[in-house]
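So for the sequence shown, the working numbering puts the first residue at 6; every next one is plus one.
Worksheet: the structure to be examined is printed underneath.
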Amino acid sequence: IAYVTLAPLLGTALASTLFAVALLASGQSSTITGTLAGQVVMEGFMRWRIQPWVRRLITRLLAILPAIFIIGARGEGSVTDLLTLSQVVLALQLPLAMFPLLQFTSSRKRMGLWRPGWALLIAGWGSAILITTMDVAGLRESLREAWRVITGV
């Protein structure tokens with residue numbers, strides 16, 4: 006959908022290149038975030054000490070093996086469906102990260118002088134509520150469509 010939206014504005018060649026770069030950057034960002042989160046959990050909470058290259062290898066394999074398995078089982082045509090599904094899952098998970106983060110950063114007790122100003126907090130809470138509302142609407146529409154397909158109505 007993003008490529009189709011960009012093509013009339015930028016031309017087919019530039020739109021596809023920019024979309025590919027955006028997907029690559031997004032994938033790298035999420036992989037790095039996952040690796041760092043895994044490191045914090047393993048070292049800080051579980052007290053596991055392993056070599057950084059082993060941790061990176063495990064994290065990246067856990068991230069890529071399901072995709073390789075699905076593409077291998079369903080064929081190259083499933084890549085678009087897999088990308089769409091991954092973006093839907095990320096969209097649904099975003100509020101689960103935003104609300105605790107906003108709750109934490111809104112606290113004067115925890116943040117002290119580094120607590121964000123009112124404008125930033127209002128923008129953050131507004132964004133979280135807007136994203137949650139859009140997620141609920143999208144999920145409801147998807148469930149309606151699935152119900153129509155199942156029942157034939």
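Virtual Cβ for every residue (Gly too), placed ideally from N, Cα, C.
Model, not experiment: these values are computed from the prediction.
Exercise. Is it right to say THR156 is buried, meaning 16 or more other beta carbons lie within 10 angstroms of its own, or is it exposed?
Worked result: Taking the first residue of the sequence shown as 1, we reach residue 156 at position 151. That one is exposed.
Problem set entry | Reference SER147; option with closest CA among TRP119, THR38, LEU90 and GLY80 | Mapped onto the sequence shown, residue 147 falls at position 142. The shortest Cα separation from SER147 among TRP119, THR38, LEU90 and GLY80 belongs to LEU90.
For this session: Could you round the C-beta distance between PRO121 and THR110 to whole angstroms and report it? I think they count as a contact, below 8 angstroms.
Result: Against the sequence shown, residue 121 aligns to sequence position 116. Against the sequence shown, residue 110 aligns to sequence position 105. The Cβ separation is near 6 angstroms, so the contact holds.
Exercise. Does the count of Cβ pairs from the stretch 35-44 and the stretch 56-64 closer than 8 angstroms reach three?
Worked result: Because the criterion of three Cβ pairs below 8 angstroms is met, the stretch 35-44 and the stretch 56-64 touch.
Exercise. Looking only at its own chain, which residues have a Cβ that is under 6 angstroms from the Cβ of MET47, when we skip the five neighbours before and after it?
Worked result: As a first step, residue 47 must be located in the sequence shown, where it is residue number 42. TRP53.
For this session: State the CB to CB distance for the pair THR36 and ARG79, rounded to an integer number of angstroms; the pair is presumed to be in contact (CB under 8 angstroms).
Result: Walking along the sequence shown from the start, residue 36 turns up at place 31. Walking along the sequence shown from the start, residue 79 turns up at place 74. Not really, about 23 angstroms apart at Cβ, beyond 8 angstroms.
Exercise. Quick one: what does DSSP say VAL158 is sitting in, helix, strand or coil?
Worked result: The residue you call residue 158 lines up with position 153 of the sequence shown. Three-state DSSP puts VAL158 in coil, outside helix and strand.
Problem set entry | Stretch pair the stretch 6-22 + the stretch 67-82: three plus CB contacts closer than 8 angstroms | Contact between the stretch 6-22 and the stretch 67-82 is absent: fewer than three C-beta pairs spanning the two stretches fall below 8 angstroms.
Exercise. Just reading off the alpha helix (DSSP H) that PHE50 is part of, what are its end residues?
Worked result: Against the sequence shown, residue 50 aligns to sequence position 45. Careful: PHE50 lies outside any alpha helix (DSSP H) and carries neither H nor E.
Problem set entry | Start and end residues, alpha helix (DSSP H) containing TRP119 | Position 114 of the sequence shown holds residue 119. Looking at the DSSP string, TRP119 is not in any alpha helix (DSSP H), and its letter there is neither H nor E.
Problem set entry | Per-residue DSSP class, three states only, for GLY80 | Along the sequence shown, one-based indexing puts residue 80 at 75. Three-state result, GLY80: coil.
Exercise. With distances taken from CA atoms, which of LEU126, LEU101 and GLY16 is nearest LEU113?
Worked result: Here the question's residue 113 lines up with position 108 in the sequence shown. With the sequence shown as reference, residue 113 is identified as Arg, and Leu is not the correct amino acid for it. The shortest Cα separation from ARG113 among LEU126, LEU101 and GLY16 belongs to LEU126.
Exercise. Since PRO100 and ALA133 are thought to touch, with beta carbons under 8 angstroms apart, how far apart are those beta carbons, to the nearest angstrom?
Worked result: For the purposes of this step, residue 100 is identified with residue 95 of the sequence shown, where counting begins at 1. For the purposes of this step, residue 133 is identified with residue 128 of the sequence shown, where counting begins at 1. A Cβ-Cβ separation of about 6 angstroms places PRO100 in contact with ALA133 under the 8 angstroms criterion.
Exercise. For LEU23, which residues from the same chain have a beta carbon less than 8 angstroms from its beta carbon, with the 5 sequence-adjacent residues on both sides left out?
Worked result: Along the sequence shown, read from residue 1 onward, the residue named residue 23 stands at position 18. Only LEU11 and LEU15 meet the Cβ criterion.
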